[in-house]
Structures are given as structure tokens and as C-alpha cells.
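Notes follow once the structure below has been shown.
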Amino acid sequence: MVIVLKKDISDSDKNSLKDFLAQKNFKLNEVSGEEETILAAVGKMHMDPVELETKPGVSRVIPISKPYKQASREFKRENTIVEIPNCRGQVIRVGGQRVVAIAGPCAVESREQIFEVAGAVASSGASMLRGRAYKPRSSPYAYQGMGEEGLKLLREAGDKFGLPVVTEIVSGELIPLMSDYVDVFQIGSRNMQDFDLLKKVGATGKPVILKRGYTATLEEFLMSAEYLLASGTENVILCERGIRTFEHSTRNTLDLSAIPVLRRLTHLPIIVDPSHALGQRDLVPPMGLAAIASGADGIMVDVHSAPEKALAGGAASILP
Numbered sequence: 343m344v345i346v347l348k349k350d351i352s353d354s355d356k357n358s359l360k361d362f363l364a365q366k367n368f369k370l371n372e373v374s375g376e377e378e379t380i381l382a383a384v385g386k387m388h389m390d391p392v393e394l395e396t397k398p399g400v401s402r403v404i405p406i407s408k409p410y411k412q413a414s415r416e417f418k419r420e421n422t423i424v425e426i427p428n429c430r431g432q433v434i435r436v437g438g439q440r441v442v443a444i445a446g447p448c449a450v451e452s453r454e455q456i457f458e459v460a461g462a463v464a465s466s467g468a469s470m471l472r473g474r475a476y477k478p479r480s481s482p483y484a485y486q487g488m489g490e491e492g493l494k495l496l497r498e499a500g501d502k503f504g505l506p507v508v509t510e511i512v513s514g515e516l517i518p519l520m521s522d523y524v525d526v527f528q529i530g531s532r533n534m535q536d537f538d539l540l541k542k543v544g545a546t547g548k549p550v551i552l553k554r555g556y557t558a559t560l561e562e563f564l565m566s567a568e569y570l571l572a573s574g575t576e577n578v579i580l581c582e583r584g585i586r587t588f589e590h591s592t593r594n595t596l597d598l599s600a601i602p603v604l605r606r607l608t609h610l611p612i613i614v615d616p617s618h619a620l621g622q623r624d625l626v627p628p629m630g631l632a633a634i635a636s637g638a639d640g641i642m643v644d645v646h647s648a649p650e651k652a653l654a655g656g657a658a659s660i661l662p
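In C-alpha cells form, the structure reads like this:
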């Protein structure tokens, strides 16, 4: 629910209200605007709005109608900006005025490969380095990634070129290992509804890029984001990466209508992955631009210096 405070509310009345709600295990988010100050409160306990409206300093109470509470625009009107520091003391802001580019190979294959690509994307203006050390595949015979050695190479390359590291986590058991190497966890489309993984990753407090499942509705997508928010992290970035339709000319159908719709429904930042959505490198630049024109806060793209030799994602990888 959203509690709108009176303009002249005293600090003591505000603190008393917060204490009252905290005792009933409500999670609070205070937002001060030019016209009014609100308290967004989320909890399992039902409370009669009339009871709160009688509290000193409360103007009115508005129930949050959406099943996803903390992710909803009703919970927080202002857009969330996720801040990610790099090793040089700079801060990358996802959700601000600047479009963010997250780039790198689909999977880490070797030291030479990741350092060459990291240097190229850094010089081209990328803000973060992506690459998977653990790669879930449809086939058990396909390349699965380098594991911890891949994490070490990502960390070294990211530090050398001043890029925070983004990589996919496929199991909660990997959190202790990966936390030492990774700045941003990515949860892939196949694991969007792995609720146990969502809870464990959310509890780390680290920033998370959550990819939309290729059969997920936007409400299901936001409910998965709610798991992350409810588990402890406030730094969730949504990623549209295409949905499955009857069309076969591309790997998936990139749902760019999701961007303005999500902007209306949620305060969370939104990025787009045209590489995995389309699976064809010549389509990545135009659809990346279209994503930005649709209001995306950034794009995530696969980059490989020799895509014809790539062990994963070669067809979708653009050249440095």
C-alpha cells in the first residue's frame, strides 16, 4: 500500500508511523516529491487502510493493486537507477539519462579471446563486460563454459579495462564462488522462474539482470523480479530477450512493445538483448537502435573477434 503523508507532518509523527509499520513487519520505502511525500509499505499482514488514515500526519492510503508489490510503479513512482562501481572508482548508472552498453562474448573461451574482446568493447564505449563461464545449453553435448577459470579471466579482463563484470548464474550453489568474481549476476531466460535461485541470488544484495523467459507474460516476468526484490536486493534490471511465437525467420520475436508497457508498470530499469532474441548478427544493430528508440535504458550484445570459430553464439555475435 501507498501512504500519502501530509505536508506538515512532524518528524516525530513520521517516525512513530514508521515504527508502527516496522513492528508489523512491513518493508518501507520513503519517496519525497515536489508535491507530496509517500511511504510505500509491503508486508504479508493485511491492514485496514482506515486504521492508518487515522494516524497523525497521514493524508490518505492507496492499496497497491498489482500482485507484484515492490516492482510496481505504484510502490515507487520515480525510476530506479542501479549503480554499479568499477575498479577505477567510477559508477555505471543503469536507468539514468545515459544509454548503457553491456558487451562481450556469449561464452568465455580463452584468455586471448576475452582480453581481445574486452579491450575492443571498452574502446568502443561499452560500460560493462559480459561473458558466461557457466552456460546452460539445450544439448548436453554443447559447450558448457570454462567454469571457475572463465570467471578468473572475466575478472582480470574487466579490471584491466575498467569494466564491471556481468555473467550468468545457473545454480544457487555457485553463489559463494561467483560472488568473488562478479559485479552483476545474470539470471537467464530458462531460470526466470527458478524461484529458489531467485531467492538465493536476491539475498546476496548484488545487482541482478533478470532475463524474460521466452514464454513468459509481462506479469510473470515482474513476479520473478518481485522474488528478487523481496529477498533483499533493490538493484534489479529487467532484460527483454525475445519471446517464442509462430515466426521462424528469427530465433525468437523481439517484443519491443514490452519496453513502454513495462515502463508504465514498473520503476525498474529495462535493457534489451537483440543478439539472443534474433540469433543473426546483421539484425542486431537495427534492432538495438529500435530498442533504444522504444525507451530501453541499455542494450546487451554478443561480440566475438572470430564469430565463425565461436564455441557458442557465433551466428548472433557482431565483430568488435
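Counting in this note's numbering, the sequence shown runs from 343 upward without gaps.
We treat Cβ as the ideally placed atom computed from N, Cα and C, and that holds for glycine.
Within this structure, are the beta carbons of S591 and R554 separated by less than 8 angstroms? no
Any chance the region 528-548 sits against the region 368-382, with 3 or more Cβ pairs inside 8 angstroms? no
In the DSSP output, what is N371 paired with across the bridge? A382
If I follow the unbroken alpha helix (DSSP H) through T546, where does it start and stop? Run containing T546: F537 to T546, per the alpha helix (DSSP H) assignment.
What are the complete beta strand (DSSP E) segments, minimum 3 residues, inside the region 380-438? 400-404, 424-427 and 433-436
State the start and end residues of the unbroken alpha helix (DSSP H) segment that holds V459. Per DSSP, V459 belongs to the alpha helix (DSSP H) from R453 to S465.
Going by Cα to Cα distance, which pick from V392, G399 and Q528 is closest to L359? G399
For R472: DSSP bridge partner residues: V508
By Cβ distance, which residues of its chain are closer than 6 angstroms to L381, with the 5 residues on each side in sequence left out? Closer than 6 angstroms at the Cβ level, and outside the excluded window around L381, lie I345, L370 and E372.
Please report how far the alpha carbon of Y483 lies from the alpha carbon of E589, in whole angstroms. Note on Y483: pLDDT 49, under 50, position unreliable in the model; the coordinate value appears next. Each residue's Cα considered, the two are about 27 angstroms apart.
Is it the case that the region 406-413 contacts the region 552-569, given that we only count it when at least three CB pairs across the two stretches are under 8 angstroms? yes
Beta-carbon within less than 8 angstroms of E454's beta-carbon, same chain only, minus the 5 sequence neighbours each way: which residues are those? There are no such residues.
How long is the line joining the alpha carbons of G656 and A619, rounded to whole angstroms? 14 angstroms
With respect to the beta strand (DSSP E) encompassing I612, which residues constitute its N-terminal and C-terminal limits? I612 to V614
Which residue marks the beginning of the alpha helix (DSSP H) containing I660, and which one marks its end? No alpha helix (DSSP H) contains I660, which DSSP labels as neither H nor E.
Do you know how far the Cα of A632 is from the Cα of N428? 28 angstroms
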